[in-house]
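**Q** One structure is given below, represented as structure tokens, and several questions about it will come after.
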Amino acid sequence: MWRHLDGSRTGVSLRMADANAIEELQSELTCPVCLELFCDPVILECGHHFCQQCIIQCWEAKSDELSSCPKCRKSSGRKLRPNSLLCNVVDSVRRARAMDTAAGTSGEFQLQTEDGHALPKADQ
Numbered sequence: 001m002w003r004h005l006d007g008s009r010t011g012v013s014l015r016m017a018d019a020n021a022i023e024e025l026q027s028e029l030t031c032p033v034c035l036e037l038f039c040d041p042v043i044l045e046c047g048h049h050f051c052q053q054c055i056i057q058c059w060e061a062k063s064d065e066l067s068s069c070p071k072c073r074k075s076s077g078r079k080l081r082p083n084s085l086l087c088n089v090v091d092s093v094r095r096a097r098a099m100d101t102a103a104g105t106s107g108e109f110q111l112q113t114e115d116g117h118a119l120p121k122a123d124q
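Residue numbers (UniProt numbering): 1 to 124.
Here it is as structure tokens:
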């Protein structure tokens, strides 16, 4: 529950904030080419990330010799730097999703009243 400075409470659980944070995290961990969680993420000179196979396929599809970032179009060398930190974060998200699936939860969040009762979906 949220508690205001005056001591009053709101009826929205922290779960909504959690859901927004998770949605934002998944957006940051999504390849702009395939729109899936990164697989073998690499970083280009411009700082954008892609799945290794996605960026290779983008560059192979281009007929010219210049390589550019599909997101910002800045020219980039073909040297791909693996991003092990991003890879570890994506792996953690995949494990969490697998645990949700195994536990029979969908990863969706339910708004709750102050006393912990779930609000009907139409009221959200």
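Ideal Cβ positions, reconstructed from N, Cα and C, are used throughout, including at glycine.
1) So which of S92, A98, T101 has the shortest CA-CA distance to A25?
2) For the alpha helix (DSSP H) containing C87, list its first residue and its last residue.
3) Can you check whether the CB of L44 is closer than 7 Å to the CB of V90?
4) Looking at the unbroken beta strand (DSSP E) that takes in C51, where does it start and where does it end?
5) So the candidates are H49, R81, N83, I56; which of them puts its Cα closest to the Cα of P72?
**A** On the basis of the supplied data:
1) Looking up residue 25 in the sequence shown gives position 25. Residue 25 is actually Leu in this sequence, not Ala. Among S92, A98, T101, the Cα nearest to that of L25 is on S92.
2) Against the sequence shown, residue 87 aligns to sequence position 87. Here the alpha helix (DSSP H) through C87 covers 84 to 103.
3) By 1-based counting over the sequence shown, the position of residue 90 is 90. By 1-based counting over the sequence shown, the position of residue 44 is 44. No, these two residues do not count as a Cβ contact at 7 Å.
4) Here residue 51 refers to the residue found at position 51 when the sequence shown is read from its first residue. Looking at the DSSP string, the run of the beta strand (DSSP E) that includes C51 is 49 to 51.
5) Here residue 72 refers to the residue found at position 72 of the sequence shown. According to the sequence shown, residue 72 is Cys rather than Pro. Cα-wise, what sits closest to C72 is H49.
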